[in-house]
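Residue numbering for the sequence shown follows our numbering, beginning at 1 and increasing consecutively.
All remarks here apply to the structure that follows.
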Amino acid sequence: MLVARPAGAQQERVVWSVTASCGAFSSERAAEVREELTLACEAAGAACAVAGARSSTPPSARAHITCSPTGAPQTLDAYGTRGAHLWSVDLDGETDDRPRRAALWIARSDRESLQSTKADDEPSSTPIGAPSRQPLGLALAARGGIRGTAAPFTLGLRATGTYAVTPDLHVALAASGERATNGGGGYTVTLANIGGGVAWGAPYGTSPFGIAFDTGVAAAAIVPPSEIAPANVQPGSQSFFLPYAEVSLSARLPGDTTVRPFVTASFVAQSRGARITESGVDVARLPALAGALDVGVAWRPF
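Structure below.
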């Protein structure tokens, strides 16, 4: 049971922010603890408060809940005024009672312990009020493309790795490969892109919508059917490299989850297209402009 402090004890109160890493239920778990902490702070004679709840004061300490995907005990970590990690406790028992128990632990943290740090402690670079996150992200998607009469429909894969500069701004490295066997004249077209760029928002950031731009090198290989003599075809079994640029618009399901399904529509531009001719007659074209649709999942660890 919490004991109210005497009214004469003019001790500056601690303002807590509460965050959680609980997959799709992160916001819900944090809100449950904030609600219980508001009651616990009132019972403690207003020695503490919850950031954003009846208090306009910026947070001076942070409590973070980490859930286990197996249903094991949750972990409650406290971070002090300078961002140093102060203590950690496992919250076991009934799931419905864990928010109340977390609130009691938080409310009992006194001001002196939050201000003190050991001599060998380094201040945390994580801002108070923000959950700890890994900066890396990864996405894998199936890609379908439209590439003109030489490759009316392509199928392939696209992989992207990102590094978070801010919660919504990421730098990215991307690689994709596509193949079409249904081109004009029976030609087989293989395409590959590798490049880098920037991305904002979905699927890695906090926004459910996003936009990205990347540029790099595109490689293409056009192979004629085996029954056609290469000497009669222009190009005949030809490979080439071109610079490309790609603009993408993405959308994902809302929610702060580790695994995020998403869909992306892309517009790809190469420095020039390709034309396939037989005996001087055009049979297919690979245009400089193309479109692609990606459906996949992004992994953004907590």
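For glycine and all other residues, C-beta sits at the position ideal for the given N, C-alpha and C.
Check                                                                                                                           : Outcome
Rounded C-alpha distance that separates A219 from A31                                                                           : 50 Å
T38 (DSSP reduced to helix, strand or coil)                                                                                     : helix
Of the listed residues V263, Q74 and L104, nearest to L39 (C-alpha basis)                                                       : L104
Distance, T66 Cα to A47 Cα                                                                                                      : 25 Å
Beta-carbon spacing of G145, G273 below 8 Å                                                                                     : no
V295 versus S248, T257 and P287, residue with shortest Cα-Cα distance                                                           : S248
Beta-bridge pairing of S140 - partner residues as DSSP gives them                                                               : As written in the sequence, residue 140 is Leu, which differs from the Ser given in the question. According to DSSP, L140 bridges with A159 and V297.
Rounded straight-line distance, which links the Cα of L76 to that of T19                                                        : 10 Å
Beta-ladder partner(s) of T166, from DSSP                                                                                       : Answer is none; T166 lacks a bridge partner.
7 Å CB neighbourhood of G156 in its chain, flanking five on each side removed                                                   : R143, S176, G177, E178 and R179
Burial state of F262, where buried means 16 or more other Cβ atoms lie within 10 Å                                              : buried
Beta-carbon proximity list for L138, same chain, < 6 Å, skipping 5 on both sides                                                : G161 and W299
Straight-line gap, A174 to V281 (C-alpha atoms, nearest Å)                                                                      : 37 Å
Burial state of V283 (16 or more Cβ within 10 Å)                                                                                : buried
Cα-Cα separation between G195 and L140, rounded to whole angstroms                                                              : 15 Å
A265: first and last residue of the uninterrupted beta strand (DSSP E) it sits in                                               : V259 to Q270
P99, DSSP secondary structure in three states                                                                                   : helix
Rounded distance between the beta-carbons of A63 and I106, thought under 8 Å                                                    : 5 Å
For Y244: DSSP bridge partner residues                                                                                          : G216 and Q270
First through last residue of the beta strand (DSSP E) which encompasses N193                                                   : T188 to G201
Anticipated Cβ contact below 8 Å, I222 with V268, distance rounded                                                              : Going by Cβ atoms, the distance from I222 to V268 rounds to 17 Å, so no, they are not a contact pair.
Contacts around R158, its chain only, beta-carbon distance under 6 Å, and the 5 residues preceding and following it disregarded : A141, R143, S176 and D294
Neighbourhood of A151 by C-beta, 7 Å cutoff - its chain only, sequence neighbours within 5 removed                              : A180, G183, V189 and L286
DSSP beta-bridge partners of C22                                                                                                : Paired residue(s): none; C22 is not in a bridge.
Exposure label - L289; buried when at least 16 CB within 10 Å                                                                   : exposed
DSSP beta-bridge partners of T66                                                                                                : S21 and T75
Three-state secondary structure assigned by DSSP to R13                                                                         : coil
Per DSSP, the bridge partner or partners of T154                                                                                : G145
Neighbourhood of R13 by C-beta, 7 Å cutoff - its chain only, sequence neighbours within 5 removed                               : A46, A47, C48 and A49
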